[in-house]
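Add 47 to a position in the sequence shown, counting from 1, and you land on the number used in my numbering.
Glycine is no exception: its CB is placed at the ideal position from the N, C-alpha and C atoms.
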Amino acid sequence: GAHPGAKLDPVPEFERARALCRGKGLDELLFFDQRGCLVEGARSSLVVVSAEGSLRTPAPELGGVASIALARILARSPLPILSDKALRRETLTEAREIIALNAARGARPICELDGAPVGEAEAGPIARILRECLEDRAE
Numbered sequence: 048g049a050h051p052g053a054k055l056d057p058v059p060e061f062e063r064a065r066a067l068c069r070g071k072g073l074d075e076l077l078f079f080d081q082r083g084c085l086v087e088g089a090r091s092s093l094v095v096v097s098a099e100g101s102l103r104t105p106a107p108e109l110g111g112v113a114s115i116a117l118a119r120i121l122a123r124s125p126l127p128i129l130s131d132k133a134l135r136r137e138t139l140t141e142a143r144e145i146i147a148l149n150a151a152r153g154a155r156p157i158c159e160l161d162g163a164p165v166g167e168a169e170a171g172p173i174a175r176i177l178r179e180c181l182e183d184r185a186e
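In structure tokens form, the structure reads like this:
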């Protein structure tokens with residue numbers, strides 16, 4: 048059945064992004080708005096751990112699709128995650144961690160961005176915490 052807001056229905060932008068990912072061997076493609084602010088990933092919602100250590104996710108009003116995984120993370124995370132209308136590429140290149148959230152794939156670290164390592168180029172402590180938050184368990 049339909050999942051309101053889920054990235055399951057054919058949307059030309061998502062389909063093109065997924066095809067590009069497959070063609071280039073990429074796991075994820077990030078969407079930015081006309082101001083250069085992060086909106087979401089082609090397959091996932093994103094949490095960015097800034098250089099200062101704050102957890103940020105693109106604000107929903109930027110146009111990202113509602114995310115089952117992000118909703119679960121926001122409800123379960125022991126750490127505050129701030130909604131941000133201005134997550135720019137510079138914030139991502141300086142990030143300690145970038146975590147891709149997907150209800151089916153879980154919480155996965157983005158270890159490389161545009162050929163450069165993100166943080167330590169491996170799953171960091173926040174990615175591990177968010178992965179645990181997404182694991183199925185009794186509510």
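Test item: CB-CB of residue i and residue j under 8 Å
{"i": "Ala146", "j": "Ala154", "result": "Here the sequence assigns Ile to residue 146, which means Ala is not the residue at that position. Yes; because the gap between Cβ atoms is below 8 Å, this pair is in contact."}
{"i": "Asp131", "j": "Ala98", "result": "no"}
{"i": "Ile176", "j": "Leu126", "result": "yes"}
{"i": "Gly83", "j": "Arg152", "result": "no"}
{"i": "Ala66", "j": "Ala116", "result": "no"}
Rounded Cβ spacing between residue i and residue j (contact assumed at less than 8 Å)
{"i": "Leu139", "j": "Val94", "result": "That pair is no contact at about 11 Å."}
{"i": "Leu129", "j": "Leu85", "result": "Not really, about 13 Å apart at Cβ, beyond 8 Å."}
{"i": "Glu75", "j": "Ala89", "result": "6 Å"}
Helix, strand or coil at residue i [DSSP, three-state]
{"i": "Ala89", "result": "coil"}
{"i": "Ile173", "result": "helix"}
{"i": "Ile157", "result": "coil"}
{"i": "Leu102", "result": "strand"}
{"i": "Arg119", "result": "helix"}
{"i": "Glu186", "result": "In this prediction, Glu186 has a pLDDT of 48, which is less than 50 and means its spatial position is unreliable; what the coordinates show is noted afterwards. It is coil, neither helix nor strand."}
{"i": "Arg135", "result": "strand"}
{"i": "Leu129", "result": "strand"}
{"i": "Ala150", "result": "coil"}
Residues near residue i by beta carbon distance below 7 Å, same chain, minus five either side
{"i": "Ser114", "result": "Ser92, Leu148"}
{"i": "Val165", "result": "Ala142, Glu144, Ile145, Ile157, Cys158, Glu159"}
{"i": "Glu167", "result": "none"}
6 Å CB neighbourhood of residue i in its chain, flanking five on each side removed
{"i": "Ser124", "result": "Cys180"}
{"i": "Ile173", "result": "Val96, Glu144"}
{"i": "Gly110", "result": "Val86"}
Contact with chain C by residue i, beta-carbon distance below 8 Å
{"i": "Cys180", "result": "Going by chain labels, chain C is absent from the structure shown, which holds only one protein chain."}
Spatial neighbours of residue i in its chain, beta-carbon cut-off 8 Å, leaving aside the 5 residues before and after
{"i": "Glu169", "result": "Pro156, Cys158"}
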